[in-house]
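Student: Okay, handing you the structure first.
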Amino acid sequence: MSPTPTTVADAATARRGTAYGFLAYLLWGAFPLYFVALKPAGAWEILAHRIIWSLVLCLLILAMTRRARWVIDMFRDRRQLGTLALAGLLIAVNWTVYLVAVLTGRVTEAALGYFLNPLVTVALGVLILRERLRPAQWVAVSIGLAAAIYLTVDHGSPPWISLVLACSFACYGLLKKRLGSSLSALQSLTGETVVLTPFAVGLLVWLAATGEQTFTGHGTGHTLLLVSAGVATTVPLLLFAAAAKRVPLVTIGLLQFLTPVLQLLAGVVVLGEVMPSSRWVGFGLVWVALVVLSVDSVVSSGRSRRLARAAQGAAC
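This is the structure:
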C-alpha cells in the first residue's frame, strides 16, 4: 500500500519540526560559549542588552508581519499584562542566575539545573495543578529529589544555582501554560521584554554612571556581540515554537535534553571545569530519573495514540 499524499506531507512536516527543535536546543546548548565571549561585560550588562535588543528584534518582526498593533492592545488587557509581567520577572531571574553561573565558571551547575527542570515541572503539576502522577513519574521525581539531597550533603550546601534555574524555568513554563495559545511565542517574548525594558535601561544608566559598562569601550566586535544578544535570544525561541507546532510533545521532551548535555560538555571539555567523582554520582542519579520519565512519557503517548485510533475505528 503506497503512502497517501497526506501521510507524506505529515512526515515531511514532522521532519521539519524535528530539525527546528534540534537547531533550537543546539543553539541553547551553545549559550555558555557565547556568553563567555561577551566578557569583560558582566552579568547585569549582558542581561540588560539581552532584554533591550530582544525587544527591538521582536518589534521589528511584528512590524514586518503587520502585527505591531498588538503591543498597544496588550496594555488594555490587565490580566494578560500582569501574567506577562510575572513571566518576565521569572525569566529575568533565570537569565541572571544563568549568566552568573557561566561567567563565574559554574556551567556544570547550570547544566544540572536544566537536567532537573523536567522533574521540577512534573512536581509543580502535582503541587499547583493537582495533576495525578503515574507510578513511573513518582519514581522519577523521587530519584530526582534523592539526587538533590545527595548533592546538598556532598557539597555542604544546596546546589542553589541548579535549583533556582530549574524552579524559575518550571514556574515560567507554568505561567506560559496559563496564557495558553492566546499568544504566540513572539508576542509573549515581546510582552515580557516590554515590561523588563525600563529595568534594563536603568541598569545601563547605572553601569555607565559607575564606569562599569563595556558596550562602547572594547571595540566594534564586542559591541556587535552584545547587540547580537537579541538574535541569540529570539531565534531559538521562534525555532522552538515552530517545532512545537509540528511534532508531538514526546519528541520535544526528548530533544530538550540536548541543551544540558551540550552545556555540560561545554563546561567540562571546552571551559575546563572540574567535575569531582561525587558530582558525577549526583548527575547519574538525575539521568536515571530522566530515563524513567522519558520512557514513561513515550509509553504513555503510544498508549494514548492506540486508544485514539481504536476509538476512531469504532466510530467508523
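Residue numbers (the numbering used here): 110 to 425.
Heads up, the beta-carbon is just placed ideally off N, CA and C, and yes, glycines get one too.
#1: Less than 8 Å between the CB atoms is what I'm expecting for Leu284 and Ala196, so what's the real figure, rounded?
#2: Buried or exposed: Val211, going by 16 or more other Cβ atoms within 10 Å of its Cβ?
#3: Which class does Pro369 belong to by DSSP, given the choice of helix, strand or coil?
#4: Using alpha carbons as the reference points, say which of Pro149, Thr368, Pro357 and Gly320 lies closest to Ser409.
#5: Under 8 Å: do the region 323-335 and the region 377-389 share three or more Cβ pairs, one atom per stretch?
#6: Between Ala338 and the rest of its own chain, which residues show a CB-CB distance below 6 Å, the 5 nearest in sequence each way excluded?
#7: Can you check which of these residues, Trp137, Ala120, Phe144 and Gly130, is closest to Val336 by C-alpha distance?
#8: Could you compute how far the alpha carbon of Thr122 sits from the alpha carbon of Phe349?
#9: Judging by CA-CA distance, which residue of Val310, Pro369, Leu292 and Val397 is the nearest neighbour of Leu190?
#10: Are the region 309-322 and the region 233-241 touching by the rule of at least three beta carbon pairs closer than 8 Å?
#11: Please work out which residues of its chain come closer than 7 Å, Cβ to Cβ, to Cys276, disregarding the five sequence neighbours upstream and downstream, and give them in chain order.
#12: What's the C-alpha gap between Ala140 and Val400?
#13: Residues in the same chain with beta-carbon distance under 8 Å from Phe184, minus the five sequence neighbours each way, listed in chain order, please.
#14: Just the C-alpha distance for Leu274 and Pro307, rounded to the nearest angstrom, thanks.
#15: Relative to the C-alpha of Leu238, which candidate in Gly214, Arg287 and Val206 has its C-alpha closest?
#16: So Pro244 is in the alpha helix (DSSP H); what residue range does that whole segment cover?
#17: Per DSSP, what kind of secondary structure is Asp186 in: helix, strand or coil?
Tutor: The structure says:
#1: 5 Å
#2: buried
#3: helix
#4: Pro357
#5: no
#6: His158, Arg159 and Trp162
#7: Phe144
#8: 14 Å
#9: Leu292
#10: no
#11: Val229
#12: It is worth fixing the name first, because residue 140 is Phe in this sequence and not Ala. Each residue's alpha carbon lies about 25 Å from the other.
#13: Leu190
#14: 24 Å
#15: Arg287
#16: Pro244 to His264
#17: coil
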